[in-house]
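These notes concern the structure reproduced below.
Structure (structure tokens):
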């Protein structure tokens, strides 16, 4: 801190007076020096400020020049309007089939809402909206628009042409909010697999899409995870095969007057579901409401392939035959008593339509002829506990583990008291109800060499480990040979399933439908055909089930699976096998020549 020098220092004034000088000269000199010092400080301060200002201008010009160069080097883009508010959810992951084709994706759409306090002519707006959206209530809209409400939803999502029509009304109180919606470009195809979505939390500028049913609900966490936005969920379904199966099944259902149908095609070794169809079906883009009724299967949202549990009739007989061979109780040639009726206490077990197949049938003949009596004898030898354990190992005691939200509701119906009589009737497919998917899984586990499979709608990548062993390989091969006879032998019950070039094995099942009040209908059946192909090197299992199908080309109605489900399944295999890379077995020219020579 500097100390200012006094203008009239006393010592100098006294010295000046002693010398006779004027002391005022000292004051003027000191004042001059002080002014010069102040002037120098002011000049230095001004020079510093000018330097700082100059540096600021230089920096600004450098920044502006750099930004102009950056803008000049970028690709031009259209400006985008920024909406206020925070988006509720990132984009939902796509769902694709096993070949990468889109099953479910997203598209940008708009919602329509109103702010009545901003409206110029509320009545006119209401009338125009009713013209565009006929389902709206004109009187209610007018009441809402002219009341005290400050906000109301009109439509949660609208089509582009509807948006343009609303825009043309010219009403400033009608506003649009951008949002995404789930799109199923294939419509009804794979509806029961995909299920559908709905809006969860909603805002003006966005909405949360959540799974409502099917795999959309079961895999909701994966599909909503932003980290999976670029990684679609890949299913085991083949879109082309699914389309073909649905087309054939729908045609068969209509031709045979069935009230419903289901089909499951499964990879016999991995459990991958190649096709799953339930009819009637629906469009997941406009998912219908689920109405309450006495018969849930009448609702198109009901998944017959997974939720529908039925007595599957004689398709169960192969399980009794296979277990008997596994336990060493019989071989394919073992003779089984077959004279009807089989008596158990006051109960009598007979054959379909009173057939009598003679005193004995081989185990193979039991399957080919579909004998209830012979199967009851085999089941009796197996016994209650061993039958329960075997069917449990095949998955008939629990819902299937497939990735559908509806799967837990498809739990098999087991006898309240599993008596020996239950064992006899379950042996030929009555007294235990299961879904077509249960049957497909069990047939795959039994016929793929004898190892358990788990059904899945997700595509497997790489090697799939084998499950626990159910039966020996020779038992599995013998069971396939029996099923081949059912189709190949003219006396078999499934000869209509024979497709030239493909060695198909299978088993029919015709079960009377139970009445809600107890007992069974005499003219209503569930018809099922379970097929495996090719028999020698099995690749796929196909289950076809028809509800109340009737074939009417003959003199009397025919309701058995051999006349209904079997020809439908045969047509499915004929049309889909080439799509899946299965080549038909065709005679070589040399073989044809040898045959021709022999005929001469």
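Residue numbers (full-length UniProt numbering): 1 to 600. Yeah, the Cβ is synthetic: ideal placement off N, Cα and C, and Gly gets one too. Computed from a prediction, not measured in an experiment: that's the story for all the values here.
Straight-line measurement puts the Cα of residue 254 at about 10 angstroms from the Cα of residue 550. Less than 8 angstroms divides the Cβ of residue 262 from the Cβ of residue 305. Between the alpha carbons of residue 73 and residue 55 lies a gap of roughly 27 angstroms. Cα atoms of residue 279 and residue 546: separation of roughly 9 angstroms, rounded to the nearest angstrom. If you look at residue 260, you'll find it isn't in any alpha helix (DSSP H); it sits in the beta strand (DSSP E) that goes 260 to 267. The residues 210, 212, in chain order, have a CB closer than 7 angstroms to that of residue 198 in the same chain once the five nearest residues on each side in sequence are set aside. A distance of 8 angstroms or more separates the beta carbons of residue 471 and residue 338. In the three-state reduction of the DSSP assignment, residue 505 falls in the strand class, which pools E and B. With respect to residue 116, residue 149 sits close: the two C-beta atoms are nearer than 8 angstroms. In the DSSP annotation of this structure, the continuous segment of the beta strand (DSSP E) that includes residue 360 starts and ends at 360 to 362.
Distance check between residue 427 and each of 474, 174, 477, 374 places 374 closest, using alpha-carbon atoms only.
Contiguous alpha helix (DSSP H) elements confined to the region 181 to 252 occur at 191 to 194, 214 to 218, 220 to 224, taking only those with 4 or more residues.
Rounded to whole angstroms, the Cβ separation of residue 576 and residue 244 is 5 angstroms, and the two are in contact under 8 angstroms. Residue 512 has 525 as its beta-bridge partners, per DSSP. In the DSSP assignment, residue 30 falls within the alpha helix (DSSP H) that extends over 23 to 73.
Judged by their CB atoms, residue 379 and residue 424 are nearer to each other than the 8 angstroms cut-off. Two segments are said to touch when three or more pairs of C-beta atoms, one from each, lie closer than 8 angstroms; by this definition the region 446 to 459 does not touch the region 334 to 353. Exclusion of the five residues before and after residue 568 leaves 252, 544 as the residues of its chain whose Cβ lies within less than 6 angstroms of its Cβ.
In the assembly as shown, residue 286 is an exposed residue. Its beta-carbon has fewer than 16 other beta-carbons within 10 Å.
When Cβ pairs closer than 8 angstroms are counted between the two stretches, the region 472 to 482 is seen to touch the region 361 to 372, the count reaching three or more. Assigned with DSSP and collapsed to three states, residue 285 falls in helix. For residue 110, the three-state secondary structure derived from DSSP is strand. In the displayed model, residue 156 falls within a strand according to three-state DSSP.
The beta carbons of residue 307 and residue 410 sit closer together than 8 angstroms.
Per the coordinates, the alpha-carbon of residue 62 lies some 54 angstroms from the alpha-carbon of residue 184. When secondary structure is reduced to three states using DSSP, residue 492 falls in the coil class, being assigned neither helix nor strand. Counting other Cβ atoms within 10 Å of its Cβ, residue 195 reaches 16 or more and is therefore classed as buried. Counting the other Cβ atoms within 10 Å of the Cβ of residue 180 gives 16 or more, which makes it buried.
As the crow flies, the alpha-carbon of residue 137 is around 45 angstroms from that of residue 236. Under the DSSP definition of a beta bridge, residue 275 partners with 265.
Distance from the CA atom of residue 349 to the CA atom of residue 314, rounded to whole angstroms, is 14 angstroms. Here residue 367 carries a helix assignment [DSSP, helix/strand/coil].
Residue 146 and residue 128 have their C-alpha atoms spaced approximately 15 angstroms apart.
Residue 447: member of the alpha helix (DSSP H) spanning 436 to 447, first to last residue.
Closest in C-alpha terms to residue 332, from the list 482, 111, 384, comes 482.
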